[in-house]
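Under my numbering, the residues of the sequence shown are numbered 9 to 243, in order. Notes follow once the structure below has been shown.
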Amino acid sequence: MLSFDARRVQGALFDLDGTLVDSLPDLHFAVCEVLKSRGLEPMEEEEVGRYIGKGAIHLAAEVLRARKPDATAEERDRFVKEYVNTLAGMGCSHTRAIPGVLEALGIFRSEGLKLALVTNKAGVLIDAVLEQAGLSPYFPTDLRLSADDVPTPKPAPDMLLLAASRMGLDPADCMMLGDSRNDAQAAANAGMPVMLMETGYNEGEPIAKWGPQNGFCDIFKSMDLAAKSFSSSRH
């Protein structure tokens, strides 16, 4: 049983990295390329994964802080810019939809829900990622929201509230689906229920552990299991 009334939900808002797609291989490659260009030690994929969740700027800044703690603000800004440009330039050839996601999106759409994307990922990267993963048909262009579209990214509620507004829905009639504390906290701040997936990163701490400790109990091994639970709760 879900902790919220699934019958009330009319819109579903999705995080991207770790929720819909596994983009860690591409993020890791871009990080290592920028580190190499500066003569800094490369970073293991697992460590890069710990910095995912708060967007490209946060990820790049944390990587540089780990490799060069005395970096100046100017060095950090240059590093962040080169990281984003590297990602945009190399494409996303290693990014894939997480198993179960396509089936889940089909279920949510068959339930008549409006679907939106709300990601801290840089906006310039979103369309290519969705296309590569085969997810473009599910998300109208005006409902692909990034940190570029709002004053404050997740865990602030700004992006979620904007998505609800564009869908013409009350935030309380929407739900968030994500893989991290940022998604959970953003949903709580927006007054929405949230379903959390164990498929992502959550800054290195298992969401199955963090969630219950912080009052979030609708946690699923995969998106398709979440979708089936949601659908059964409506009928």
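Cβ coordinates follow ideal geometry from the N, Cα and C atoms, glycine included. These numbers come from a predicted model, not from an experiment.
Would a C-beta distance cut-off of 8 Å place Thr103 and Val29 closer than the cut-off? In this structure, Thr103 places its C-beta atom within 8 Å of the C-beta atom of Val29.
Residue range of the beta strand (DSSP E) that includes Val126: Boundaries of the beta strand (DSSP E) harbouring Val126: Lys122 to Val126, taken from the DSSP string.
Selected residue, minimal CA-CA separation from Val132, among Ser237, Arg117 and Thr149: The residue with the shortest Cα to Cα distance from Val132 is Thr149.
Is Ala164 helix, strand or coil by DSSP? It is coil, neither helix nor strand.
Check each candidate in Ala64, Arg46 and Ser31 and name the one with the smallest Cα separation from Glu53. For the residues Ala64, Arg46 and Ser31, the minimum Cα distance to Glu53 belongs to Ser31.
Please classify Phe87: does DSSP put it in a helix, a strand, or coil? Correct three-state label for Phe87: helix.
Quick check on the burial criterion: 16 or more other C-beta atoms within 10 angstroms. Buried or exposed for Cys225? It is exposed - the Cβ of Cys225 has fewer than 16 other Cβ atoms within 10 Å.
What does the alpha-carbon distance come out to for the pair Ser240 and Ala180? Near 20 Å, if we compare the C-alpha coordinates of Ala180 and Ser240.
Reduced DSSP secondary structure (H/G/I, E/B, other) of Ile134: Reduced to three states, the DSSP call for Ile134 is helix.
Suppose you measure from the CA of Tyr59 to the CA of Ala235; what does that come to, to the nearest Å? The alpha-carbon atoms of Tyr59 and Ala235 are separated by roughly 27 Å.
In the DSSP assignment, find the unbroken alpha helix (DSSP H) run with Phe238 in it and report its ends. That run of the alpha helix (DSSP H) goes Met231 to Ser241.
Between which two residues does the beta strand (DSSP E) carrying Phe22 extend? Gly19 to Phe22 is the span of the beta strand (DSSP E), which, as asked, contains Phe22.
Residue ranges of each alpha helix (DSSP H) within the segment 57-120, 4 or longer: Counting only runs of 4 or more, we get 64-75, 81-98 and 109-118.
Would Met205 and Met231 be called neighbours here (beta carbons separated by less than 8 Å)? Yes, the pair counts as a contact, with Cβ atoms nearer than the cut-off.
Alpha carbon of Pro163 to alpha carbon of Ala195, nearest angstrom: Rounded to whole angstroms, Pro163 to Ala195 spans 8 Å at the Cα level.
Can you give the Cα-Cα distance for Ala183 and Gly47, rounded to whole angstroms? Note that residue 183 is Met in the sequence shown here, rather than Ala. Approximately 44 Å between the Cα atoms of the pair.
Would you kindly report the start and end of the unbroken beta strand (DSSP E) that includes Val202? Counting along the chain, the beta strand (DSSP E) containing Val202 begins and ends at Val202 to Met205.
Taking only the alpha-carbon atoms, compute the straight-line gap between Met9 and Gly57 and give it to the nearest angstrom. Spanning the two alpha carbons is a distance of roughly 31 Å.
Is DSSP giving Val186 helix, strand or coil here? A quick correction: the sequence has Gly, not Val, at residue 186. Reduced to three states, the DSSP call for Gly186 is strand.
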